[in-house]
Structure formats: C-alpha cells, structure tokens
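Order-wise, the sequence lines are chains S and B. The numbering of the first sequence is my numbering, which starts it at 1 and goes up by one. The numbering of the second sequence is my numbering, which starts it at 250 and goes up by one. Just below is one structure, and these are the notes that go with it.
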Amino acid sequence: MEAKIKYLLHLADNPLILGQRLGEWCGHGPVLEQDIALTNISLDLIGQARLLYQYIASVSGQKTNEDELAMLRYENEYLNLLLVEQANKNFGHTIMRQFMYDAFNLLQYEMLTHHQDTQLNAIAVKSLKEIKYHYRYSSEWVIRLGDGTEESHAKMQEAMNELWRYTGEMFKMAAYETELLKSGEGIDISLLETEWNQRVAAVAQQAGLKLPQGEVMLYGGKEGKHTEQMGYILTELQYMQRTYPQMTW
Amino acid sequence: MFVQNTHIIRRQIAGLLHEVADPEIPVVSIVDLGMVLDIRPENGHWRIDLAPTYSGCPAIDVIPFLVKARLEEAGLTDTHIEMEISPPWSTDWISEEGNEKLHAYGIAPPNGKASDQEYEGKPRSCPQCGSTETEMISRYGATPCKASYKCLSCLEPFEYFKCF
C-alpha cells in the first residue's frame, strides 16, 4: 500500500507544482490571451491534482484530506519531477517546460486509461481530455516561437538546452514504481521514452531547434530530493496554511 | 402511494435544478449543461449525482453549494450531492436549448459532437452578426472551456465553447 500511496502522490504532485508555477504568470503574461491560457491550464492541472489527492486521502487509511496533502507536507515528501518545479523565466522558457511535460504526460495518461485501478482509470480518462489540449497548445507555441524571430528562436533553444537535463527523470522508474510493476499494479514508464523522443524531435524539427546531445541527466525529484527551486515554491504555496493552520475560504 | 410521491419529488427536484445557473455562464442552468446525471432516493435521503465539467473549473465547489441552497429553500433539506467523474462530462451532453441560450448570450456553442472529432472544431458562425468568416485568437478563453475568436465581418471578438 505504501508504494501505491507514493506513486499516487507522485502523480498528484506533478500537476500541483506545475499548476502553481503557471499560476505565477497570472497578471504577467506577454499578452492577455496567453496570460489567461496559462492560468486556465494551471486550473486544469490543479483540478487534476485535487482528484488525485482526494483519492489518496480516501485510501490512505489515515486521517487526512486533500488540503493537508497538498499544503502541509515537507519538501522531501513531495515526489514531483524536477522539471515541473523549475522557476519561470521568460514566456518561451515556460512554454518549453510545458511542452516537455505535456508530451510526456499525454503518453503517461494514455497508459493510465488502461490501468486496472478503476478510480485511477476514471481520473485518467477525465484528465486526458484536458491534457490533449495542453499538449496541442504548448507544441504549437514551441513551433511558433522556435520558428519565429531571431530572439524568440534563441530563447527557445536556450530553454531547451537548459531544461533537457530534467527530462531523463520522467522515464526512470522510482523504487515505488518498480515495486508496483512487480506486483502487477503498476505501469512501466520507461517504455514511453522512445515515443517521447520521437514526438519531441518532430516538433523541434518544425521549430528549427536542435536537440541537446549527451546531456548529463539529473534525478531525484521522484524520490523527494529536489532542486533549490522547490523550497521557494513551497514557501509561497504553503504560506497561508502554515501561517493560519486549518484556514478555509 | 410512495412510488407516486417519489415521482413527484423527483420532478420537483429536476425543476429546481433548472433554476440553478452556472456561476460562470449564468444564462445556462446546470441541467442545460448536462451536468445532472441522476436524482434518486437513497437511504432515506435524496441523492443527486452531478458531473463536473473541467477538472479545474472554479465553479466545481460552488455548484453543489448552490444546488443544496436552492433545494433547502424549497423545503428539501435531506439531500446528498455527489460529483461523479466517470464517464467524463462532454459538451455532447449540453441540451439543444442550452446551445441556443449560449448563442443568444454571445457565446458560439460547440459545433458538432466531441465524440466525432479529436479537438474542439470551429464555431459555426459569429454569434453577433451570423457571419461564417471567423478567426481564432487563442485556444483558451476566459475559462478553460472556451476559445477566443474574432469575427472577420463585424470585427467583434467572441468566445467559442469548445467541443470537449
């Protein structure tokens, strides 16, 4: 059961943390339409995270709830990918981070719609409808900006080079994933790497971007070992609940 | 006698739910949007199953609250509301009347069935002037369920309720 809870937390923490990052764009987008697009995607992601946290609270056998799970754990208890916690820089950098994640998430959720756990399956079917739209949005913007002006192209290439090191982690099985796979309750996430690479390469080619080669990959987020960025995001995310415990709107 | 009462109360609840407007698009009710899945007696109370639209729709917590408030106002205090995510809500469930209300309100309704196409499709016409010459501005609008469009004839911006 512990492996399953950890896996579900990993699935929930990704959209929570990325949703929080996208939410930081609220009021700061390059144009109004893109400002609301990013924050609408943020809403979808946080909604998906909520479905997962609610499910975890119901199966954990402990007295907890979605708010406590989302807001009151310590940094090393969050099991999200390093990629999603990386700080916002420019719009292009956010789009690249989103694209890398969406391409992965789309494949991952397609796989989860066949999962034997009926509740996880239902959450995946519902979320996948939204994720398809996210992927199309971010991949189109990667092409538009990569194939845009000299400046937008340079920023997209820089973002791709910088974020690439966090993509290997998506396909590396954490201990809890391996355990679930062995007991027949998990999925093999490493199987998605080839298709992810093909999709990303196809979009990069249209965008005129070069895929980084031989990059050293960084790991740890899925096991609770985060980059420096995580502390800052949790400070903001948890501020209200830590300052006014049990507060509600 | 009980059976008859059950029918009457169910009809009464259905009627009341018609009066609960979507907080984001107040011209359509939750019934128009196809969010009401089931109304049935269960363990001595009335259970109402609702389908949430988008996972992150801010109305997701407000709607059950509004439903409960409307029913209590009408004297139905013993109700239980459940959000059911499976099967996932689709714009295919919006009623014909709902689509007409959206159009009259200035939002182009979903054009075609979500189940027939991979993505959202395009608006049939501008809800302001009826022109079919329209152009997308952004894939997202004021809410995740809509895209931003402009009409190339009257030049007015409008929103399109995406097939989903």
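Quick reminder that beta carbons are idealized off the backbone N, C-alpha and C, glycines included.
Whole-angstrom distance between residue j and residue i, CA atom to CA atom
| i | j | result |
| --- | --- | --- |
| I386/B | Q366/B | 21 Å |
| L237/S | T248/S | 15 Å |
| I330/B | L145/S | 46 Å |
| L106/S | L81/S | 15 Å |
| L112/S | Y368/B | 20 Å |
| H267/B | K362/B | 23 Å |
| L282/B | L351/B | 10 Å |
| V423/B | S138/S | Lying before the first or after the last residue shown, residue 423/B is absent from chain B, which here runs from 250 to 413. |
| A343/B | V280/B | The sequence given here places Ile at residue 343/B; Ala does not occur at that position. Roughly 8 Å between the two C-alpha positions. |
| D13/S | S380/B | 45 Å |
| F91/S | Y176/S | 34 Å |
| A3/S | S335/B | 25 Å |
| M250/B | I257/B | For M250/B, the pLDDT reaches just 40, beneath the cut-off of 50, and the residue's location in the model is therefore unreliable, although a value from the coordinates is still provided. Approximately 11 Å, taken between the alpha carbons. |
| Y219/S | M96/S | 19 Å |
| E384/B | P359/B | 15 Å |
| E66/S | I56/S | 8 Å |
| I271/B | Q119/S | According to the sequence displayed, residue 271/B carries Asp and not Ile. Near 27 Å, if we compare the C-alpha coordinates of Q119/S and D271/B. |
| P372/B | E273/B | 20 Å |
| T194/S | A202/S | 12 Å |
| K155/S | E349/B | 45 Å |
| N127/S | K399/B | Note on identity: in this sequence residue 127/S is Ser, with Asn being the wrong assignment. The straight-line gap from Cα to Cα measures roughly 29 Å. |
| C394/B | I123/S | 18 Å |
Pair within 8 Å by beta-carbon distance, residue i and residue j
| i | j | result |
| --- | --- | --- |
| V142/S | F99/S | yes |
| G390/B | D44/S | no |
| G19/S | A49/S | yes |
| P288/B | R259/B | It should be pointed out that residue 288/B corresponds to Ile in this sequence rather than to Pro. Yes, they are a contact pair. |
| L16/S | W25/S | no |
| A357/B | F410/B | yes |
| D298/B | E333/B | yes |
| T227/S | E85/S | yes |
| L83/S | L9/S | no |
| F413/B | G355/B | no |
| W338/B | P376/B | no |
| S402/B | C378/B | yes |
| K222/S | E185/S | no |
| L180/S | Y7/S | yes |
DSSP bridge partner residues for residue i (one or two, in chain order)
| i | result |
| --- | --- |
| P290/B | W295/B |
| V285/B | L299/B |
| E408/B | I356/B and S397/B |
| E321/B | BP columns for E321/B are empty, so no partner. |
| S139/S | S139/S is not bridged to any residue. |
| A159/S | DSSP lists no partner for A159/S. |
| T94/S | T94/S pairs with nothing; no bridge assigned. |
| H267/B | In the DSSP output, where bridge partners are listed per residue, H267/B has none listed. |
| M385/B | Y398/B |
Using a Cβ-Cβ cut-off of less than 9 Å, list which residues of the region 358-385 of chain B approach chain S; keep chain order. Per Cβ criterion, the list reads A363, E367, Y368 and E369.
Uninterrupted alpha helix (DSSP H) stretches inside the region 182-229 of chain S (no shorter than 4 residues): 193-207
For the region 131-147 of chain S, which residues have a beta carbon sitting closer than 9 Å to at least one beta carbon of chain B? Under the 9 Å Cβ criterion, the region 131-147 of chain S contributes K132, Y133, R136, Y137 and E140.
Members of the region 186-208 of chain S near chain B, C-beta cut-off 7 Å: Residues of the region 186-208 of chain S whose Cβ lies closer than 7 Å to any Cβ of chain B: none.
Taking a cut of 9 Å between CB atoms, which residues from the region 296-308 of chain B lie near chain S? P301, Y303, S304, G305, C306 and P307
What residues in the region 32-46 of chain S bring their beta carbon closer than 8 Å to a beta carbon of chain B? Taken in chain order, the members of the region 32-46 of chain S whose beta-carbon sits within less than 8 Å of a beta-carbon on chain B are E33, Q34, I36, A37, N40, I41, S42, L43, D44, L45 and I46.
Just by C-beta distance, which residues in the region 112-133 of chain S are closer than 9 Å to chain B? T118, Q119, N121, A122, I123, V125, K126, S127, L128, K129, E130, K132 and Y133
Chain B contacts from the region 90-111 of chain S (Cβ-Cβ distance under 7 Å): none
Starting from the N-terminal side, write out each stretch of the alpha helix (DSSP H) that is 4 residues or longer and does not extend beyond the region 54-117 of chain S. If we require 4 residues or more, the alpha helix (DSSP H) runs fully inside the region 54-117 of chain S come out as 66-71, 82-85 and 91-112.
Under 8 Å (Cβ pairs) to chain S, residues found in the region 391-409 of chain B: A391, T392, P393 and S397
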